[in-house]
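K.L.:
In the numbering used here, the protein residues as written are 6 to 236.
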């Protein structure tokens, strides 16, 4: 019998590392590459000073453990060593200097499920798990929706809410955005009223007055209710 090939697993993307930021932080502290390597060793990562220089020159990229140890050795938040703001689940996790095991435990999902969420960019947790994810990674609601790949689904649901009756979409929306349904029930009628026009979505007819884009307006209205997870 021929052996079946095991399914391939997508490789994680490189750590979003900024060589310039690492070099600037080291220079600001007046440290040598040797001293940085010694500091990283104190955090459980042993390597040669040449690795530090290779990272700063862009010749190599640190792995996750190396990246976190480097941030600690340079006495700076890990996010300051990133090339741009955190976007993905993995970015936000590294910015909090957490391992995948820690996030899985704090959110109550299995480690394989969390790893899959990072690889695919899609989160399937229930509302309680989603709320725990936001707490574990320090995510605002807008960041949470972006990092979990729910942006398109949110836009689609909001369009359905303003196109017809919003009440049937209340529970599905609560599964996307972890806030009390009562908060959503206060926002959706306003959104519906502002965007309601006699024509159907997708026709050439235009409303008489311009209305704000749905998603930004939704976030603004929700922010006025001061939800437990900030917008």
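No residue lacks a Cβ here, since even glycine has one placed at the ideal position from N, Cα and C.
1) Sort out for me which residues DSSP pairs residue 223 with in a bridge.
2) Take residue 53 and list the residues in its own chain whose beta-carbon comes closer than 7 Å to its own, dropping the five residues that flank it on each side.
3) Ignoring anything shorter than 4 residues, give me the alpha helix (DSSP H) runs that lie fully in the region 132-169, in order along the chain.
4) With distances taken from CA atoms, which of 142, 220, 69, 185 is nearest residue 167?
5) Could you tell me the alpha carbon to alpha carbon distance between residue 24 and residue 63, rounded to whole angstroms?
6) Compute the Euclidean distance between the alpha carbons of residue 11 and residue 68, then round it to the nearest angstrom.
7) Report yes or no: is there a C-beta of chain C within less than 8 Å of the C-beta of residue 70?
8) Could I get the ranges of all uninterrupted alpha helix (DSSP H) runs contained in the region 28-70, with 4 residues as the minimum, in chain order?
9) What are the boundary residues of the alpha helix (DSSP H) that includes residue 90?
10) For residue 122 and residue 146, which I take to be in contact (beta-carbon distance under 8 Å), what is that distance rounded to the nearest angstrom?
P.N.:
On the basis of the data shown:
1) Along the chain shown, one-based indexing puts residue 223 at 218. Beta-bridge partners of residue 223 (DSSP): none assigned.
2) Residue numbering aside, residue 53 sits at position 48 when the chain shown is read from its first letter. Once the five neighbours on either side are set aside, the close Cβ partners of residue 53 are 42.
3) Entirely contained in the region 132-169, the alpha helix (DSSP H) runs reaching 4 residues are, in chain order, 132-142, 146-152, 156-168.
4) The residue you call residue 167 lines up with position 162 of the chain shown. Closest in C-alpha terms to residue 167, from the list 142, 220, 69, 185, comes 220.
5) Translated into positions along the chain shown, residue 24 becomes position 19. Translated into positions along the chain shown, residue 63 becomes position 58. Looking at the two C-alpha atoms, the distance is approximately 6 Å.
6) Numbered from 1 along the chain shown, position 6 holds the residue referred to as residue 11. Numbered from 1 along the chain shown, position 63 holds the residue referred to as residue 68. For residue 11, the predicted structure reports a pLDDT of 41, less than 50, and the residue's modelled location is therefore unreliable. The matter cannot be settled from this model.
7) Annotation note: the requested chain C is absent from the structure, which comprises a single protein chain.
8) 38-46, 54-61, all fully within the region 28-70.
9) Translated into the one-based positions of the chain shown, residue 90 becomes position 85. Residue 90 -> no alpha helix (DSSP H), and no H or E assigned at all.
10) Numbered from its first residue, the chain shown carries residue 122 at position 117. Numbered from its first residue, the chain shown carries residue 146 at position 141. About 18 Å separates the beta carbons of residue 122 and residue 146, which is beyond the 8 Å limit, so they are not a contact pair.
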